[in-house]
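In UniProt numbering, the protein residues as written are 1 to 146.
Data block below; observations after.
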């Protein structure tokens, strides 16, 4: 019994020593506010629609310190067998040639009309934006229910 207590005490002392060594080797973490978010977001007003509902609104939000830009086009893709595939009704769509600019902190919203016979399933809206000369592809998912 006495040997077991000595072994237990040694194990506890070793564990405490290891924790002290780890704590001494850690770099101090700065305290203060988190850095500002520098992203562009694409959000939808709904994440679920029933088949009779046809209208969806997307919003592009500029949380970068730069002016961003984008055109009118977007794509809608459906998840099929684990892959995102452009829906047939978007393939022959005609777009106006316009370029929107968003200053830091600004947002832009646009309505999307889905066809009456849209099938139930998981979808995503895909939008390309230009941030400081770099193209970024934004996505936002939604589900069409029966």
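All residues carry an ideal CB built from backbone N, CA and C; glycine is no exception.
Quantities reported herein were computed from a predicted structural model and do not represent experimental measurements.
When rounded, the separation of the alpha-carbon atoms in residue 89 and residue 105 is 33 Å. Under the DSSP assignment, residue 77 falls in the beta strand (DSSP E) whose first and last residues are 75 to 80. The three-state reading of DSSP puts residue 88 in helix, counting H, G and I together. In this structure residue 54 is not in contact with residue 146, their Cβ atoms being roughly 15 Å apart against a cut-off of 8 Å. When DSSP reads this structure, residue 135 sits in a beta bridge with 130. By the C-beta density criterion, residue 140 is buried, having at least 16 other C-beta atoms within 10 angstroms.
Scanning its chain for C-beta atoms nearer than 7 Å, with the 5 sequence neighbours on each side dropped, one finds around residue 86 the residues 75, 77, in chain order.
Taking residue 91 as reference, the option from 79, 83, 73, 99 with the minimal CA-CA separation is 73.
With at least 16 other beta carbons inside 10 angstroms of its own, residue 123 counts as buried. Distance from the Cα of residue 134 is smallest, within the candidate group 60, 44, 68, 100, for 68.
The C-beta distance from residue 142 to residue 42 rounds to 11 Å, too long to fall under 8 Å, and the pair is not in contact. Rounded to the nearest angstrom, the gap between the Cα atoms of residue 52 and residue 71 is 29 Å.
For residue 114, the three-state secondary structure derived from DSSP is coil.
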